[in-house]
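Position 255 (the sequence shown) corresponds to 261 in the working numbering; numbering is contiguous. Have a look at the structure below, then the notes.
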Amino acid sequence: MDRVTGFRQLPQGGEVFLDHHGHFVPDMAAASAALARLGFRLTPYTEHSLTTDPDRPPQPSGTANRCIMLRESYIEVLSAVGDAPMARQLREAVARYTGLHLLAFSAADAAAEHARLSDLGFALQPLVHLSRAAEGGRLRFSVVRLDAGQAMQEGRIQFLTHETPDLLWREDLLDHPNRVVAMREVVLASADPDEAAVRFGRYLGRSAMTVPGGWHIGLARGGLTILSASALAAALPGIVIPALPFIAASTLISGDIAATAAYLESMDIAFTQSAPGVLRTEVPPALGSTMIFMERRGRAPWL
């Protein structure tokens with residue numbers, strides 16, 4: 007933990023963090039330009055490779071990314087490369103809508119989470135060892151993925167453990183012109199919020215609490231809210247729901263919300279203030295989904 011700010015990247019013991027979320031996009035260049043205009047500094051474009059056997063060399067996975075590294079968590083943007091199964095899955099997701107399709111939760115021991123979920127009856131792939139090139143070395147993650155036959159309809163939902171955090175959260179990548187320092191909460195719309203809440207509760211090992219129109223699952227850092235389409239529309243008036251289920255929006259914590267507002271104004275980016283210290287902007291179609299910028303003590307519009 008940073009003793010000054012209180013930020014912490016890695017869970018300990020049995021903690022579960024909302025580690026990051028991912029936008030699936032058809033055009034990485036257009037999405038990157040949209041994020042840069044929103045005031046984010048991005049990592050270089052890199053292609054992923056993976057293996058299920060740590061003694062064998064990794065192979066191309068079919069995806070590539072750029073990331074926005076924050077003082078807590080990060081934002082990932084992914085596009086398809088080639089015709090591997092992961093590339094085909096990403097293109098199928100983008101055909102539904104461009105935007106948030108990935109929720110990654112972190113735990114201290116991915117292998118233990120793999121065993122826990124298997125014991126609960128979740129059908130899983132073998133533990134995946136994912137890697138990609140980075141300045142100063144090669145990033146490595148252990149990832150728990152559901153079997154294709156039991157993949158969650160909400161998107162790519164996974165657990166992971168970071169094995170090279172110092173290479174990922176480099177100090178030179180953490181400061182952004184828009185002053186965003188963390189990603190905290192995500193909301194999704196479901197045709198059956200009750201069923202989805204029970205399923206996600208089992209998956210995360212946490213109980214869901216009722217909120218107007220749905221459920222909220224609080225984690226050691228961050229949380230997930232599952233709402234009906236009508237409840238989401240009430241919380242975020244005017245939002246377009248392209249399909250159900252739909253990972254609709256996230257909250258981004260600003261270190262200086264007045265400076266964030268000033269930056270957005272300087273770039274002629276439209277936003278609304280839904281409450282003191284809470285700003286909502288609809289990101290460009292190249293990126294998809296809604297961003298809520300808010301001060302650290304702020305409250306998500308859906309909570």
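Don't be surprised by glycine CBs; every beta carbon is placed ideally from N, CA and C.
- For the 7 Å CB-CB criterion, THR49 and ALA116 do not form a contact.
- In the three-state scheme derived from DSSP, where H, G and I count as helix and E and B as strand, GLN95 is classed as helix.
- Between VAL31 and SER85, the gap from beta carbon to beta carbon is short of 7 Å.
- When DSSP states are grouped into helix, strand and coil, PHE13 belongs to the coil group.
- Residue pairing by DSSP places ALA249 opposite no residue, since no beta bridge is assigned to it.
- Counting only the Cα atoms, ASP262 lies some 10 Å from ALA268.
- A residue is called buried when at least 16 other Cβ atoms come within 10 angstroms of its Cβ; LEU126 does not meet this threshold and is exposed.
- The criterion of a C-beta distance shorter than 7 Å is satisfied by PRO251 and LEU194.
- If you draw a straight line from the Cα of MET92 to the Cα of THR69, it comes to about 7 Å.
- When the five nearest sequence neighbours on each side are left out, the beta carbons in the same chain lying within less than 6 Å of the beta carbon of GLN131 are those of ARG151, ASP153, in order along the chain.
- Cβ contact annotation for SER295 (same chain, cutoff 8 Å, sequence separation greater than five): HIS29, GLY105, LEU106, ILE253, ALA254, ALA255, SER256, VAL289, in chain order.
- For SER272, the secondary structure class from DSSP, reduced to helix, strand or coil, is helix.
- In this structure PRO243 is exposed. Its beta-carbon is surrounded by fewer than 16 other beta-carbon atoms within 10 angstroms.
- The residues LEU130, LEU133, VAL150, in chain order, have a CB closer than 7 Å to that of HIS120 in the same chain once the five nearest residues on each side in sequence are set aside.
- Sequence-distant Cβ neighbours of ILE163 in its own chain, meaning closer than 6 Å and more than five residues away, are LEU109.
- About 19 Å separates the beta carbons of LEU174 and VAL22, which is beyond the 8 Å limit, so they are not a contact pair.
- For VAL284, the closest alpha carbon among the candidates LEU309, MET273, SER272, PRO291 is that of LEU309.
- Secondary structure of ASP33 (DSSP, three-state): coil.
- Per DSSP, PHE165 is one residue of the beta strand (DSSP E) stretching across 162-168.
- Taking C-beta atoms as the reference points, GLY229 and GLU191 count as a pair closer than 7 Å.
- Annotated three-state conformation of ASP115 is coil, per DSSP.
- Within 10 angstroms of the beta-carbon of ASP25 lie 16 or more other beta-carbons, which makes it buried.
- Secondary structure at TYR209: helix, using DSSP grouped into helix, strand and coil.
- Contact annotation: ALA292 and ALA40 have beta-carbon atoms nearer than 7 Å.
- Between HIS222 and ALA214 the beta-carbon gap is near 7 Å, inside 8 Å, which marks them as a contact.
- The DSSP-derived three-state label of ALA129 is coil.
- In this chain, the beta strand (DSSP E) harbouring ALA139 covers 134-140.
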